[in-house]
Amino acid sequence: MKLKFIMMVEELHRIAKPEARALFKCPYGSSDDAFENPTHVRQYFLHSYGYFSQPYYWREDYGYKGDWKVEKIYLS
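Residues in the sequence shown are numbered consecutively from 65, following our numbering.
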């Protein structure tokens, strides 16, 4: 069974128009903010979103069918 987050990113890719952009903003996985909020259910790290684009996701079989082009990942 796919994780809900993977299903959401896949659905965003499916309904996105060509050249669409998505911006995700979340606390860094090892920061205090990532753990303090009880509603946070998983941690995200610098390359977590890379798994939704090639060449990352060929290494794992999640059944994921999207292919976002990751332009920039940064910590702020």
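For each residue, glycine too, the CB sits at the ideal point set by N, CA and C. Being a predicted model, the structure only gives us computed values, none of them experimental.
Closest to Ala84 by C-alpha separation, out of Lys136, Glu100, Trp132, Gln118, would be which residue?
The shortest C-alpha separation from Ala84 is found at Trp132.
With DSSP collapsed to three states, give me the class of Tyr126.
Correct three-state label for Tyr126: coil.
Using the DSSP secondary-structure output, state which residues sit across from Tyr108 in a beta bridge.
Answer is Tyr92, bridged to Tyr108.
So what's Tyr113 in DSSP terms, helix, strand or just coil?
Residue state, collapsed to three classes: helix.
Glu83 by DSSP, collapsed to three states: which one?
Correct three-state label for Glu83: coil.
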